[in-house]
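Novice: Start counting the sequence shown at 7; every next residue gets the next number (my numbering).
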Amino acid sequence: MLKDTIDMQTDVLVIGSGIAGVRAAIEAKRSGLDVLLVDKSLLGRASCSIYAGGIIHPKIPEHMERMGFQVPNRLGLPIEKLMRKFLEEGVALGWGHPFLEDQRLMMTIAVELPVRNEELRDFGVKDPYLQHYLGRPGLWGKDILLPMIDCMTDLGVNTLEKVMITDLVRRNDAVVGAVGFGIDSDAFYKIRAKAVVLASGGGAQVYSRTYSPRRITGDGFGLAYRAGARLWEMELIGWENWFCVEPKCPKWWIAYSHGRMRGNLVNKDGEAFFEKYARKLNCLGENATLSPDDPMDKRYGRPIIELVHYFARASAAEISNGKGDNGAVLVDLRKVPEDLFTIESAGLFALNMFRNHDWKRRPVHIAPAAEKSCGGIHINERCESSLGGLFAGGEVSSGSSMPYCLVTGALAGRFASKYAYENELKPFSKVEDAFCADKKKQLEHLTGRRPSKQGDPIDTKAKLGQIMMEHAGVLKTREGLLKGLKLIEEIKEEKLPALYAPTRRKLREALEVVNMVTYSEMIIKSSLYREESRGLHQRVDFPQQDNKNWLKNVLIEKNAKGMSLFDVPVELVWEKPAN
7 MLKDTIDMQT DVLVIGSGIA GVRAAIEAKR SGLDVLLVDK SLLGRASCSI
57 YAGGIIHPKI PEHMERMGFQ VPNRLGLPIE KLMRKFLEEG VALGWGHPFL
107 EDQRLMMTIA VELPVRNEEL RDFGVKDPYL QHYLGRPGLW GKDILLPMID
157 CMTDLGVNTL EKVMITDLVR RNDAVVGAVG FGIDSDAFYK IRAKAVVLAS
207 GGGAQVYSRT YSPRRITGDG FGLAYRAGAR LWEMELIGWE NWFCVEPKCP
257 KWWIAYSHGR MRGNLVNKDG EAFFEKYARK LNCLGENATL SPDDPMDKRY
307 GRPIIELVHY FARASAAEIS NGKGDNGAVL VDLRKVPEDL FTIESAGLFA
357 LNMFRNHDWK RRPVHIAPAA EKSCGGIHIN ERCESSLGGL FAGGEVSSGS
407 SMPYCLVTGA LAGRFASKYA YENELKPFSK VEDAFCADKK KQLEHLTGRR
457 PSKQGDPIDT KAKLGQIMME HAGVLKTREG LLKGLKLIEE IKEEKLPALY
507 APTRRKLREA LEVVNMVTYS EMIIKSSLYR EESRGLHQRV DFPQQDNKNW
557 LKNVLIEKNA KGMSLFDVPV ELVWEKPAN
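Given below as structure tokens:
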């Protein structure tokens, strides 16, 4: 099936074409190097970046103040205060992982961010700040990413679309290339590179309930792990509470809008429940009105962005306590005036979602859904991994906001270029050629295997998603995690050896399954390892945050026995917990 072997070489190889990957490719090309960017789909189209939004505003949008919304006070700060605030929020709040961040990396991002934002104009982005903190952004991710892709190709970056990288080639303690196959061709690719940048996104597709793109399957985690790179904080998953599960409605995220912000979370008995959990979790702001007539941020006294994972935890707890309805809670919008939806595109989008449901008479079923990976390849402030020549940026490196992806993409491209200038491109050795040949045989073996129900990759993905949603969701227990791990071991023993791929598109699905199983195992084992609750990682059997014993980073690497976990103390360079 893979008739041709195509040998390629480049100075810098970038894997992935979201914001981080494209920005890394631009940075490397501007350094005067030969750059090759590879994506298993069309450029940019399978990334989370294409529909994301949220470049930090230089000032507070006036309409938000008029509507009574609260916004984080980092907006409009002078640069020196912005750096400190970004560090404080990035670490202390941690977007759901308090005090686990690499503080040097956070400070680097804070310093670089204003320049990287302004630089978007050079890449053809008309107005990087045309954003709204709530609702659909005035500037979608596509309005940032697509001009960047045009700029990248105009600069002369070479690209390969619909080519899936299956493994990295390692020489001693450094990565020196990669292998993969063409999805729309019968070619096997051997690519030599001085430096490799992984920017392939996260892996939220391991959960059955998610709104991440279909191709976000944890490929970078699998590639890095098999090559021997370290990963960290894989127990951390970002959850979004407002995922519509109403039977007759599209299964999708109900975006921030003025209308949604005035809804009320209720259980199957019609009881409002978030205030109860908010008091328990101590997440109410000083000026919380607790009035159901106020928008949620004013109602609970904090910007809505700071309450995201608290909503998910409260809803998951209510469902777990038997107060849910068919595995969901409800958002009551019956008292919300329709014109609060129709004044903006996000509200109109929500009404379109509800077109087969009478939301004015009946609450809408919602449930937490996996949004993003918050752990990933362990990098430093130069985006260097634990292996020489391997760099990472974006969600694959344990960060997922647009500012994070933009800055780490630039950093990864910059330091990959420096590494490439300092190292020469050598031919593959006999051992490395043998490794490549073996990987090609493995692919051909998959394509030649007889179809069976046991080995159907689509069926295996569905089963894996159910396992992860049930046993490694928002609220985790040792018993549930161990059961989930056992079921994953069964998949590894029974389904992975039977995987088949009669077509190259099916081959992509099969190899995604392998990466998804690896990532799922990482999530569960890391969740078992961290015996406390911290932000997005919630253990029902260890409900408290334990700064005395668990102010540590949990790392994973592959050794002779398989997946090895260990911990290291968090480097508290600037910020420290109060207790």
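Glycine is no exception: its CB is placed at the ideal position from the N, C-alpha and C atoms.
Computed from a predicted model, the values in this text were never measured in an experiment.
The alpha helix (DSSP H) with Val-163 in it runs from where to where?
Specialist: Per DSSP, Val-163 belongs to no alpha helix (DSSP H) and is neither H nor E.
Novice: Given a threshold of 16 other Cβ atoms within 10 Å of its Cβ, counted over all protein chains shown, does Trp-580 qualify as buried or as exposed?
Specialist: Answer is exposed; the Cβ neighbour count stays below 16.
Novice: Between which two residues does the alpha helix (DSSP H) carrying Ala-422 extend?
Specialist: 408-428 is the extent of the alpha helix (DSSP H) around Ala-422.
Novice: Are the CB atoms of Arg-540 and Arg-484 within a distance shorter than 9 Å?
Specialist: It is not a contact, given that the beta carbons lie outside the stated cut-off.
Novice: Going straight from the alpha carbon of Arg-176 to that of Ala-233, what length do you get?
Specialist: Looking at the two C-alpha atoms, the distance is approximately 7 Å.
Novice: Could you check the C-alpha separation between Lys-148 and Met-154 for me, to the nearest Å?
Specialist: One C-alpha to the other measures close to 9 Å.
Novice: Which residue comes first and which comes last in the beta strand (DSSP E) that contains Leu-491?
Specialist: That residue, Leu-491, is in no beta strand (DSSP E); its alpha helix (DSSP H) goes 484-496.
Novice: Hey, would you say Gly-226 sits closer than 9 Å to Val-402, going by beta carbons?
Specialist: In this structure, Val-402 lies closer than 9 Å to Gly-226 by Cβ.
Novice: By the three-class DSSP mapping on this structure, what secondary structure does Gln-551 have?
Specialist: Looking at Gln-551 - three-state DSSP - the assignment turns out to be coil, as it is neither helix nor strand.
Novice: Within the continuous beta strand (DSSP E) that includes Met-112, where are the two ends?
Specialist: No beta strand (DSSP E) contains Met-112, which is instead part of the alpha helix (DSSP H) from 109-125.
Novice: I need the DSSP call for Ser-539, collapsed to helix, strand or coil.
Specialist: Three-state DSSP puts Ser-539 in coil, outside helix and strand.
Novice: Ends of the alpha helix (DSSP H) at Met-475?
Specialist: Start and end: 463-477.
Novice: Check whether the segment 368-375 touches the segment 248-259, counting contact only when three or more Cβ pairs, one atom from each stretch, lie closer than 8 Å.
Specialist: A contact exists between the segment 368-375 and the segment 248-259.
Novice: From the DSSP output, read off the bridge partner residues of Pro-575.
Specialist: Lys-558, per the DSSP bridge assignment.
Novice: Over what stretch of residues does the alpha helix (DSSP H) that includes Ser-351 continue unbroken?
Specialist: That run of the alpha helix (DSSP H) goes 351-359.
Novice: Could you tell me the alpha carbon to alpha carbon distance between Gln-15 and Ala-440, rounded to whole angstroms?
Specialist: The straight-line gap from Cα to Cα measures roughly 18 Å.
Novice: Please report the straight-line C-alpha distance between Ala-375 and Tyr-217, rounded to a whole angstrom.
Specialist: So the alpha carbons of these two residues sit roughly 7 Å apart.
Novice: Starting from Thr-11 and walking both ways along the alpha helix (DSSP H), at which residues does that stretch end?
Specialist: Counting along the chain, Thr-11 falls outside any alpha helix (DSSP H), though it belongs to the beta strand (DSSP E) covering 10-21.
Novice: Going by other Cβ atoms of all chains shown within 10 Å of its Cβ, with 16 needed for buried, is Gly-454 buried or exposed?
Specialist: Exposed.
Novice: From the DSSP output, in three-state form, read off Ala-205 for me.
Specialist: DSSP places Ala-205 in coil when its eight states are reduced to three.
Novice: Count the C-beta pairs between the segment 489-499 and the segment 426-443 that are closer than 8 Å, then say yes if the count reaches three, no if not.
Specialist: Contact fails: fewer than three Cβ-Cβ distances are below 8 Å.
Novice: Are there three or more Cβ pairs, one per stretch, closer than 8 Å when the segment 271-289 is compared with the segment 208-224?
Specialist: Short answer: they don't touch.
Novice: Can you tell me where the alpha helix (DSSP H) holding Gly-27 begins and where it ends?
Specialist: Its alpha helix (DSSP H) spans residues 25-36.
Novice: Classify Lys-200: buried if its beta carbon has 16 or more other beta carbons within 10 angstroms, exposed otherwise.
Specialist: Looking at its Cβ environment, which holds 16 or more other Cβ atoms inside 10 Å, Lys-200 is buried.
Novice: Go to Val-546, then tell me how far its beta strand (DSSP E) extends in each direction, as first and last residue.
Specialist: From DSSP, Val-546 is part of no beta strand (DSSP E); its letter is neither H nor E.
Novice: Confirm, please, whether the CB-CB distance from Ile-21 to Val-41 is below 9 Å.
Specialist: Contact: no.
Novice: Between Lys-366, Ala-468, Phe-421, Val-272, which lies nearest to Glu-387 when the distance is taken from Cα to Cα?
Specialist: When only C-alpha atoms are compared, the closest one is Phe-421.
Novice: Do you know offhand how far Met-569's Cα is from Glu-344's?
Specialist: One C-alpha to the other measures close to 53 Å.
Novice: Alpha carbon to alpha carbon, how far is Leu-271 from Phe-279? Give it in angstroms, no decimals.
Specialist: Computed Cα separation, rounded: 7 Å.
Novice: With 16 as the cutoff for other CB atoms within 10 Å, does Ala-284 come out buried or exposed?
Specialist: Classification of Ala-284: buried, given that the 10 Å Cβ count is 16 or more.
Novice: Among the candidates Ala-507, Thr-295, Leu-242, Lys-445, whose CA atom is the shortest distance from the CA of Glu-377?
Specialist: When each option's Cα is compared against that of Glu-377, the closest is Leu-242.
Novice: For the pair the segment 299-312 and the segment 349-357, tell me if three or more CB-CB distances fall below 8 Å.
Specialist: With a cut-off of 8 Å, the segment 349-357 and the segment 299-312 do not count as touching, because too few Cβ pairs lie within range.
Novice: Can you tell me which residues form a DSSP beta bridge with Tyr-195?
Specialist: Answer by DSSP bridge pairing, in chain order: Ile-12, Gly-186.
Novice: Looking at the structure shown, is Arg-510 part of a helix, part of a strand, or coil, going by DSSP?
Specialist: Reduced to three states, the DSSP call for Arg-510 is helix.
Novice: Applying the criterion that 16 or more other CB atoms from any shown protein chain within 10 Å of the CB defines a buried residue, is Ser-533 buried or exposed?
Specialist: With 16 or more other Cβ atoms within 10 Å, it is buried.
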